[in-house]
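A short write-up of the structure that comes next.
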Amino acid sequence: MSNSPSNPTHAGQAIVDSLALHGVDRVFTVPGESYLAVLDGLHGANIENVIARQEGGASYMAEAYGKFTGRPGVAMVTRGPGASNAYVGIHTAWQDGTPMVLFVGLIPVADRMRESFQEFDPYAWFGTQTKRVFVLDEPNRASDVVAEAFFAASSGRPGPVVVGLPEDVITKEFTAALTAPIPVAEGAVDAAQLEAITRALDGAQRPLLMVGGQRWSAQAAAQVTAFAEKNNIPVVQDWHAADRIPFGSPVNMGSLGYGRSAAAATMLADADVLVSIGCVLGDVSSDGYTLRQDPDAVNYVISPDTTLRGRSGNLSAHVLASPVAFAAALEGIELGAGERWEDWRAAGREAQVKVSTIPGDEQLPATAPGTARMSVVMRELISRLPDDVVNSVGAGNHTAWAQWYMPTNVFPSALSTRNGSMGYSIPAAVVAAKQAPARLSVAVCGDGEFLMNGQEFATAAQFGAPILAVVMDNRQFATIRDHQEHHFPGRVSGTQLQNPDFAAFARAFGGHGEYVDDDAQAAEAVQRALAAVAEGRPALIHVVTDQAIALP
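First residue of the sequence shown? That's -3 in the working numbering, and the numbers climb one at a time after it.
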C-alpha cells in the first residue's frame, strides 16, 4: 500500500509527509542548517514542532513520548554537536527499550571523509546503542527509510533508531510514492504455552507476577490487573514501571530495584513460580544479579524480544509475545487456588501499604532550621492530586518520594529512566502535559537533576504545557554522597552544590514560583502552585531540605 504525493516535492517534504502517514502528531527539535528541507516540510504541516532548548531535552522528550504513547517519539537535531548532545536520549531509549527515531542532519555527500565542519560517522557513533542506523543517500527512498525506521523502532523489543539526512540529499526532488507503515506483530500465545503457565501457577504455593518493559497498553494493564486480582496473585513491578498495576490494588506489592522495599525483594526471592510479563530479571531488579539466581528457579518470561537482552537467572520457558497479546490470552482464566496463597499475598500487601504511606509528623525525622521536610510537601500535594496524575522523575535520591508515594492508578502515569540518567524529569513532564492536556503532569526533581535540563521549563511556558515541578534542594548530589559516605566516610568530595532561587527561575520564564523552607508553608504553596497550573501556567515549588534527610 502506498500513497503518491499530489505534486513532486523535495525529500525533506516527503519525510514530513511520511511522519504524518505514521500518525506522528508532534516532533521535538533543535533547529540546524543541515536539515532545513525537513523544517521547510514542517511549515504548515499538521504536526506540532516543539522546539527544545537543548538537544538532550529534545531527545528526552522523544523518548518520553515513546513511553507515554507506545509509538516512536521523533526528535530532530543537527550534525556533530547536536547529535552528541542528543546521545543521552538514545542511551536511555536503548536501555529502557523505548521506541524512538532520531533524525540527524548531516554534511553534504561530497564533503564526506574530509574533516568537514561538524562531520562525524553516524554508524560509528550510534551503531552500538541503536536497533538500526540509516543514512539517506537516495532522495526517492526517503519515505521507505521512514517506514523501515519506524518498524525497527517498534518491533520486537522496541528501541532507538537513527536516520542520517545529508543536507544536499533532502533538498533533491522526490517523485516516488509514500511508503505505508509496516505492521508490527504482537506475537502470540499458543494453547500449550498458556496451559503450561496456568498449570504452574495453579500448582504453586507462592506464585508471583512481575510486570514491566514496553509494548503495554491501558487495556493490557487493566487485563493483567483483572487476572491477578481475580486469582489473588501478587504482582511486583520492575524498577520504574510502577504504573502497570494500580497503586491501590490489593495485588500491588510495589517495585523492585533501587529504593525497593525489603518485602518486595523477599517475595521475588521466595516465589516458587515467577511469571514475568514484558520484562526480564535484569541487573537492577535482581539487586545486582543476586536475587533469584538459583538454577532451579521456575521462571516464565513473556516478551517479544527474541534475544531476551539483559536476562539473568534460570529460564523455564519463553513466550514470544507482547504484553498486549499475553494479556488478551489471560482473559477468562480462573485458577481456583487463590485461597491457598492468601497469607502470602496479604503479608506482601501489608508491607507495601506501610512503605507507601507517608508517616505522620511525629514519626518524621527532625529537620534543621530554615529547611522543610519533603515528606510534608509531598503529603500536601498528594492529598490534592487527581486520580489520573502523571508523574515524571529523573535519577537520584529524590525519586524515592515519587516511587514510594505518588499514586499511579492508570497506565501510563509514570515516566522515568531505567539507565539512571539525570535531567529527564522536566522534558518528560512537558510531553505528558502536551499529550494529555486534561491530566495533571507533575515532575519530582532533585536540585542537581533539575538544572541538567531545567531550561526546558521555557519550552513548557512557550508551548502551553502547564507542568508542576517540585524541586528538592538539598544542595548536593545526594545519591553520590551516599555512596561516598559508604566507601569513603567523612571525606566529602565533588558532591556539594550552590543553588539559585528555583522559584525565581520559574517566574523568569513566565511561570509561577513558590519557595518553601518551613513545613508550615507547604499547604498554601501547594495550593497556589496547583491553582496556577489550573490557569494554564507552569509552576514550580522550590523545597529547601535538610542535607541529612536524603531519603523518605
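A virtual CB, placed ideally from N, CA and C, is assigned to each residue, including glycine.
Backbone CA spacing between residue i and residue j [nearest angstrom]
| i | j | result |
| --- | --- | --- |
| E44 | R22 | 4 Å |
| K127 | Q210 | 15 Å |
| P1 | M402 | Confidence at P1 is low in this model, with a pLDDT of 46, below 50, so its placement is unreliable and no value can be given for it. |
| Q543 | D283 | 26 Å |
| T175 | Q431 | 26 Å |
| S(-2) | L15 | Confidence is the limiting factor: at S(-2) the pLDDT is only 44, short of 50, which leaves the residue's position unreliable and the question unanswerable from this model. |
| T367 | G253 | 29 Å |
| I86 | G334 | 43 Å |
| N295 | H39 | 52 Å |
| W400 | V73 | 36 Å |
| G66 | W212 | 7 Å |
| S308 | V315 | 16 Å |
| F116 | Y61 | 27 Å |
| E376 | A502 | 21 Å |
| A465 | Q458 | 16 Å |
| G278 | G306 | 5 Å |
| T25 | E51 | 7 Å |
Element boundaries [alpha helix (DSSP H), containing residue i]
| i | result |
| --- | --- |
| Q458 | E452 to Q458 |
| R195 | A187 to D198 |
| G85 | P77 to D92 |
| L15 | A7 to L17 |
| H394 | Per DSSP, H394 belongs to no alpha helix (DSSP H) and is neither H nor E. |
| E445 | D443 to N449 |
| L493 | Element bounds for L493: n/a, residue is neither H nor E. |
| G37 | L32 to L38 |
Residue i versus the options, residue with shortest Cα-Cα distance
| i | options | result |
| --- | --- | --- |
| G160 | S150, T171 and P135 | P135 |
| N310 | V276, G332 and S213 | V276 |
| E338 | L381, G8 and N228 | N228 |
| G344 | Q480, E330 and R256 | R256 |
| L331 | A224, V440, L536 and V231 | A224 |
| D186 | A324, H87 and Q114 | A324 |
| F113 | V142, E163 and G66 | E163 |
| R49 | V20, A82 and G69 | A82 |
| W121 | S139, A188, D140 and V100 | V100 |
| E144 | V320, V97 and R110 | V97 |
| D198 | I545, R336, A428 and A530 | R336 |
| S417 | P485, E191, T395 and S409 | T395 |
| A149 | V34, R202, P291 and P300 | P300 |
| P77 | A265, R288, E29 and A218 | E29 |
| V70 | E111, G19, G274 and A106 | G19 |
| V297 | V46, T286, A521 and V269 | V269 |
| V220 | A184, V320 and F243 | V320 |
| A461 | A528, A521 and D469 | A528 |
| A535 | N495, A429, S272 and Q9 | A429 |
| A192 | L17, L326, I178 and V131 | L326 |
| V46 | L304, V426 and P485 | V426 |
Three-state secondary structure assigned by DSSP to residue i
| i | result |
| --- | --- |
| E169 | strand |
| P156 | strand |
| E520 | helix |
| N609 | The requested residue 609 does not occur in the structure, where the chain is confined to residues -3 to 548. |
| Q480 | helix |
| G183 | strand |
| P162 | strand |
| E59 | helix |
| R369 | coil |
| Y511 | strand |
| F130 | strand |
| T303 | coil |
| T175 | strand |
Delimiting residues of the beta strand (DSSP E) encompassing residue i
| i | result |
| --- | --- |
| N295 | N295 to I298 |
| A342 | Where A342 is concerned, there is no enclosing beta strand (DSSP E), although the alpha helix (DSSP H) it sits in stretches over E338 to V351. |
| M468 | L464 to D469 |
| H236 | Note, H236: premise wrong, no beta strand (DSSP E); not H, not E. |
| F99 | M96 to L102 |
| M206 | P203 to V207 |
| L270 | V269 to I273 |
| V46 | E44 to I47 |
| G419 | No beta strand (DSSP E) holds G419; DSSP gives it neither H nor E. |
| M249 | N248 to S251 |
| V73 | G69 to V73 |
Would you check if the segment 147 to 158 and the segment 90 to 98 touch, i.e. whether three or more CB-CB distances between them fall below 8 Å? yes
Pair every Cβ in the segment 445 to 457 with every Cβ in the segment 44 to 58, then say whether three or more of these pairs are closer than 8 Å. yes
Check whether the segment 442 to 449 touches the segment 469 to 478, counting contact only when three or more Cβ pairs, one atom from each stretch, lie closer than 8 Å. yes
Does the segment 226 to 241 come within contact of the segment 192 to 209, defined as at least 3 CB pairs closer than 8 Å? yes
At a cut of 8 Å, does the segment 389 to 402 reach the segment 411 to 424 through at least three beta carbon pairs? yes
Kindly confirm or deny that the segment 241 to 251 and the segment 344 to 364 touch, where touching means at least three C-beta pairs closer than 8 Å. yes
Touch check for the segment 506 to 524 and the segment 532 to 547: three-plus C-beta pairs under 8 Å? yes
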